[in-house]
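Chains A and B supply the protein sequences, listed in that same order. Per the numbering used here, the very first residue in the first sequence carries number 466; after that it's consecutive. Per the numbering used here, the very first residue in the second sequence carries number 466; after that it's consecutive. Positions of the beta carbon are idealized from the N, C-alpha and C atoms, including for glycine.
There are 2 protein chains.
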Amino acid sequence: MKKQGNTIFFKNEPRITSFAAICGSKEKVGILGEYADITLEDDMYEESTFEKAECKMLTNAIALAIKKGGYEDRDIDALFSGDLLNQIISASFAARDYDFPFMGMYSACSTMSESILMGAAMVNAGYCNRVVAATGSHFASAERQYRFPLEQGTTRPPQSQWTVTGAGGCIIAAEDKGIKVVSGTMGKVVDYGVTDVNNMGAAMAPAASATLIQHFVDTNTSPEDYDLILTGDLGALGSRILKDLTWEKGFDISSNHVDCGEIVYKVIEREFQGGSGAGCSATVLNSYILSKMNAGLYRRILFAATGALLSTVSSGQGESIPCISHAVQLEV
Amino acid sequence: MKKQGNTIFFKNEPRITSFAAICGSKEKVGILGEYADITLEDDMYEESTFEKAECKMLTNAIALAIKKGGYEDRDIDALFSGDLLNQIISASFAARDYDFPFMGMYSACSTMSESILMGAAMVNAGYCNRVVAATGSHFASAERQYRFPLEQGTTRPPQSQWTVTGAGGCIIAAEDKGIKVVSGTMGKVVDYGVTDVNNMGAAMAPAASATLIQHFVDTNTSPEDYDLILTGDLGALGSRILKDLTWEKGFDISSNHVDCGEIVYKVIEREFQGGSGAGCSATVLNSYILSKMNAGLYRRILFAATGALLSTVSSGQGESIPCISHAVQLEV
């Protein structure tokens, strides 16, 4: 059986053989300080603009993932990547530096799981031997694109999250050692009518809940079958909503759910609801989580990053925020 | 052999079983007037904003493709789509209306071929039975996002193209009748240093040339093996550059190359270099071209849409325009 419901089963077990993450100066105060490969002193990363710094982080995260796996660029068959900037310029400009094909992905902050899902699908089918899945974000470029320029000094409301400055990527390969990508659940767009662009957690929680439940049903598993159910950037408030919504449908994830946005910053109170952005799950997964999996602490995790599919134009035109969550099941 | 170079071979021959296109009032003066399923009298399409009109065209093109194939929504396993608007809101909001999963794609005006490639890969591998690949664009929403609001009445330079108002989509299915998707060549990012955002054809031609040549080499074919080599929206100037670049590398496509942007408008002089935008190849392919294939006029075509991966931010920061072209080979 290759597919059940919306879940694809990767029978050939493509492996995550290498991973890397780069994070900003604020992020290195937390767990990423210990686990990320590169931590920046200055979030400009020696570039002249925030966008170029974001692109450089992503470019270097890809390079590091390739290098740490003992690969050369010529060993890579394709890059699956996207980011939060208009026209995914970080990914496109990062791809320009490499001589392998680039498949542009977009699902906002769910891009990490979408890229792993599509990359694993390509490797499992035998189309590719090794692909890179990667994404990232930058606090300053996201703020000025989605909200206000930092120079304006706008007050943040208590329900807001902090876009992670960082990038992460991994190699998915047709090899027999590494972390297995067992299955992937493709997400549907879910919209509960939330219109507050400062409350991403509340907007995205229903999408995460829908995908997690779909995954449990499709794979005939239950929350306790996983050492960890990892969401991407719901933050503290969004995570509470997720647990409630999922519990209402008969699945209790309260004992093993963790959100990357909740654990990325050390002093979470100062960042209100925690971290967000495509770089949030990209950095936490591709450093802390996969390291712990390699060390045997987690044997089976369900990674469901969540994306809010809004733009400033859609919000300005009075639209609510459609959201999506793609999930992948990882095992050692 | 599942892959050679950057080309994936779809041995199970997924089929395009249905297709549909919707075009605007200007576009219906040309070939689309005869071949598109719906032609608009008013490009606002009874909506209050250009963006909502664009989304409605895409939503309805998807619905029409499903309906024309005799399918129901529940027969569809996933939607592969993207568009030119920031955060691909047309595709995301279109996907909100459907109860099947959505995989967000982005490669600017190459999104049609990227979506067909990824969709066919999923069907060929047995992950999905039927997927929709679709995209679209709208002249007015593209102008105000990428260049100037229409109200400003900015003069267009002679090298410019006209973004097509339209959307198109097709069903790719694991069935044994319909147009075969034989192979797909994944594109690399190519940047020749063009910085003129009004000269997309010149920026994108090198990417198209690179992908076409890669395809010929990978598949051991030559231009004359195809009844038609169809690019997406290079326009008149870009097509001339493409022919020259490809000829320089030893491949003469001059006798069977056609560009969707060159044929979409009847009075091409008024639109300067012709049509552009994701909707350009989406409408021309999913009406005129596929109809001609079904009628036996073309038996084997190579469809290589091209995308310019710029944003207003990247251009404003002095960056050149990286471009990409993904290609699919179609046969009856």
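query                                                                                                                                                                                      : result
Three-state secondary structure (DSSP) at residue 738 of chain A?                                                                                                                          : coil
If I measure Cβ to Cβ from residue 785 of chain A and keep anything under 7 Å in the same chain, skipping five residues before and after, which residues do I get?                         : 656, 658, 659 and 660
Classify residue 601 of chain B as buried or exposed, calling it buried when 16 or more other Cβ atoms lie within 10 Å of its own Cβ.                                                      : buried
For a quick check, are the C-beta atoms of residue 776 of chain A and residue 527 of chain B less than 7 Å apart?                                                                          : no
What number of angstroms, rounded off, separates the C-alpha of residue 546 of chain A from the C-alpha of residue 720 of chain A?                                                         : 32 Å
Please decide whether residue 662 of chain B counts as near chain A, where near means a Cβ-Cβ distance under 7 Å.                                                                          : no
Please list, in chain order, all residues of the same chain as residue 710 of chain B whose beta carbon is under 8 Å from its beta carbon, the five residues on each side excluded.        : 670, 671 and 674
According to the Cβ coordinates, are residue 624 of chain B and residue 685 of chain B closer than 7 Å?                                                                                    : no
Can you check which of these residues, A:533, A:773, A:582 and A:574, is closest to residue 793 of chain A by C-alpha distance?                                                            : A:582
Give me the Cβ distance between residue 747 of chain B and residue 666 of chain B, rounded to the nearest whole Å; I'm assuming they're in contact under 8 Å.                              : Between residue 666 of chain B and residue 747 of chain B the Cβ distance is about 18 Å, and since that is not below 8 Å, they are no contact.
Where does residue 626 of chain B fall in DSSP's three states?                                                                                                                             : coil
Can you tell me which of the three DSSP states residue 537 of chain A falls into?                                                                                                          : coil
Let's test the definition: count the other Cβ atoms within 10 Å of the Cβ of residue 687 of chain A and tell me whether it reaches 16, buried, or not, exposed.                            : exposed
If you run the structure through DSSP and keep just helix, strand and coil, what is residue 618 of chain A?                                                                                : coil
Whole angstroms is fine: what's the gap from residue 771 of chain B's alpha carbon to residue 668 of chain A's?                                                                            : 34 Å
Quick one: does residue 514 of chain B have its CB under 7 Å from some CB of chain A?                                                                                                      : yes
Taking the alpha carbon of residue 564 of chain B as the point to measure from, which residue in B:753, B:579, B:512 and B:544 has its own alpha carbon closest?                           : B:544
Where does residue 480 of chain A sit, in a helix, a strand or coil, going by DSSP?                                                                                                        : strand
Spatial neighbours of residue 619 of chain A within its chain, please: CB distance less than 6 Å, with the 5 preceding and 5 following residues excluded, ordered by chain position.       : 613
Would you kindly work out how many angstroms separate the C-alpha atoms of residue 724 of chain B and residue 578 of chain B, rounded to a whole number?                                   : 14 Å
Do you know how far the Cα of residue 736 of chain B is from the Cα of residue 628 of chain A?                                                                                             : 42 Å
Could you give the DSSP three-state label for residue 496 of chain B: helix, strand or coil?                                                                                               : coil
Excluding the 5 residues preceding and the 5 following residue 566 of chain B in the sequence, name in chain order all residues of the same chain whose CB lies nearer than 8 Å to its CB. : 542, 543 and 544
For residue 693 of chain A, collect the residues of the same chain with a Cβ closer than 7 Å to its Cβ; drop the 5 residues on either side in sequence, then sort them by chain order.     : 721, 723, 763 and 766
Could you tell me whether any Cβ in chain C is nearer than 7 Å to the Cβ of residue 551 of chain A?                                                                                        : The structure shown has no chain C; the protein chains it does contain are A and B.
Where does residue 641 of chain A land, buried or exposed, given buried means 16+ other C-beta within 10 angstroms?                                                                        : exposed
Can you round the beta-carbon distance between residue 504 of chain B and residue 493 of chain B to whole angstroms, since I take them to be within the 8 Å contact cut?                   : 4 Å
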